[in-house]
Amino acid sequence: MKIFFIFIILIFSNIANAENLQFKKIVDLKDPWGSTFVDENNLLITEKGGLIKLVNIKNKKTNLLSHNLNFLEHGQGGLLDIIFNKNFVYIAYTENRGNWKTSTSIAKANFNNKNLIFKNIFQANPPIDSGYHFGSRLAIKDNFLFASAGERGEGMIAQDPTKHPGSIIRINIDGSIPKDNPKFKGKSDWLPEIYQIGIRNPQGLTLSPFDGKIYMSNHGAKGGDWFGEVKKGENYGWKILGWGGKNYSGIPIGPKWKPGFTKAIRYWVPSIATSAITIYKGNEFNEWNGHALITSLKDQSLRKLIFNDLTNVREDIIFKNKIGRIRDIQIHPNNGKIYFLAGDSLWLMEKS
């Protein structure tokens with residue numbers, strides 16, 4: 016009886032949380048992908064089709080910025096994540112390498128509100144003729160730039176450390192190679208930019224303001240999405256491991272996990288189509304501080320993970336089917352209100 020009442024309380028607690036939320040559409044966009052705060056009033060936003068916009072969240076005015084990126088919108092590719100740091104803009108994008116071959120590439124530009132002149136600081140090699148699994152999110156910790164590079168639908172390429180697809184990349188913010196990357200610390204066969212391997216389609220990457228660790232989400236196949244920590248020199252196992260998922264044909268991929276591979280913090284089977292993530296820090300939802308927020312494309316949900324005790328990870332579904340497929344999430348740097356790229360719009364979520 017006691018367990019039953021606890022269960023009922025938890026159900027109504029979640030419902031109450033959802034009812035206390037207020038959603039406001041800020042501006043309409045077209046296939047938005049990445050966003051980053053420039054200051055308290057302005058968000059830089061990428062649209063997969065090739066546009067970069069500066070949106071004032073206060074007056075809702077949008078300014079279109081020109082750029083020189085040699086991109087190709089192909090399948091899941093186009094302009095992807097964007098991050099502002101110390102008056103520089105870093106962008107992950109699908110670079111046109113000729114003859115329909117593309118790569119997940121990263122470029123850097125000095126910020127201004129009219130024209131961004133980018134210069135490449137990383138290319139995932141080899142370029143591949145595929146419209147699948149580019150990744151790609153960016154995170155900055157100190158003077159290091161972390162990036163996720165999807166395996167482009169090539170499966171076991173993620174187990175080949177002489178190729179970039181299917182890995183976590185770490186470079187210095189100027190594009191040079193950190194001297195303590197795995198290549199120089201016992202893994203001489205790894206490419207110098209590779210920090211971790213065995214990834215499928217990582218669409219979430221974030222720096223925790225609490226423990227200083229980099230966390231990521233990975234979009235599995237038919238099941239097998241996960242949230243976990245980025246760990247130097249380790250291997251998440253794709254496509255030896257299936258993380259509980261199957262191929263789209265229904266054929267099993269491999270075990271959920273086995274010793275010798277990095278173990279994720281949370282798995283989802285069936286797939287929820289994990290996208291962007293963040294570790295919440297702010298005032299608007301201060302009871303969430305330190306918790307991971309996971310966005311979903313498939314069930315259009317926001318999920319909260321309490322993961323300070325890895326033996327007892329708890330998950331709450333904050334909402335579902337409110338604003339569409341959620342592609343990105345940003346926390347306002349001052350007030351802690353939450354902004355989403357979802358559907359074809361920028362949305363604000365706050366307490367009602």
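In this note's numbering, the protein residues as written are 16 to 367.
For glycine and all other residues, C-beta sits at the position ideal for the given N, C-alpha and C.
Source: prediction; values computed, not measured.
Buried or exposed by the 16-neighbour rule on C-beta atoms within 10 Å, applied to residue i
i	result
S311	buried
F225	exposed
E55	exposed
T326	exposed
I30	Note that I30 has pLDDT 39, beneath the 50 cutoff, so the model's placement of it is unreliable and the number below is only indicative. With fewer than 16 other Cβ atoms within 10 Å, it is exposed.
G275	exposed
K63	buried
T177	exposed
M171	exposed
S203	exposed
G201	exposed
L94	buried
I67	buried
Straight-line Cα distance separating residue j from residue i
i	j	result
D343	K198	32 Å
M364	F103	28 Å
D144	W115	6 Å
I6	W283	Lying before the first or after the last residue shown, residue 6 is absent from the chain, which here runs from 16 to 367.
Y210	E299	35 Å
I353	H347	6 Å
G165	W258	16 Å
K247	K296	25 Å
V245	K271	18 Å
G239	G146	21 Å
F126	N196	29 Å
I280	P267	22 Å
T77	S360	12 Å
N135	L220	20 Å
S223	G305	8 Å
I72	V42	8 Å
H179	R167	10 Å
K313	L44	20 Å
Contact set for residue i: own chain, Cβ-Cβ below 7 Å, skip 5 residues either direction
i	result
N158	N187, I188
W303	Y295, K319
K75	I41, V42
L79	L66, K68
Own chain residues within Cβ distance below 8 Å of residue i, not counting five before or after
i	result
A316	A small correction: the amino acid at residue 316 is Ser; Ala does not occupy that position in the sequence shown. Cβ within range, chain order: I287, T310, I332, I333, F334, K335, N336, I341.
N262	A236, K237, I268
G227	K156
N301	G351
DSSP three-state assignment for residue i, whether helix, strand or coil
i	result
A173	helix
E330	strand
F199	helix
E302	helix
Q37	strand
E62	strand
I341	strand
P348	coil
F225	coil
A372	The question about residue 372 has no answer, for the chain in this structure spans 16 to 367.
W205	coil
W283	strand
S145	coil
D96	strand
Q218	coil
G49	strand
C-beta contact flag for residue i and residue j at 8 Å
i	j	result
I184	F149	no
E110	Q91	no
T289	N250	no
R152	G181	no
I292	L308	yes
F86	G113	no
L36	S367	yes
Contacts around residue i, its chain only, beta-carbon distance under 6 Å, and the 5 residues preceding and following it disregarded
i	result
K39	L363
I97	G49, T51, L59, T61, I106
T277	K246, E249, Y251
P285	G238
S81	N130
W205	P176, P197, K198
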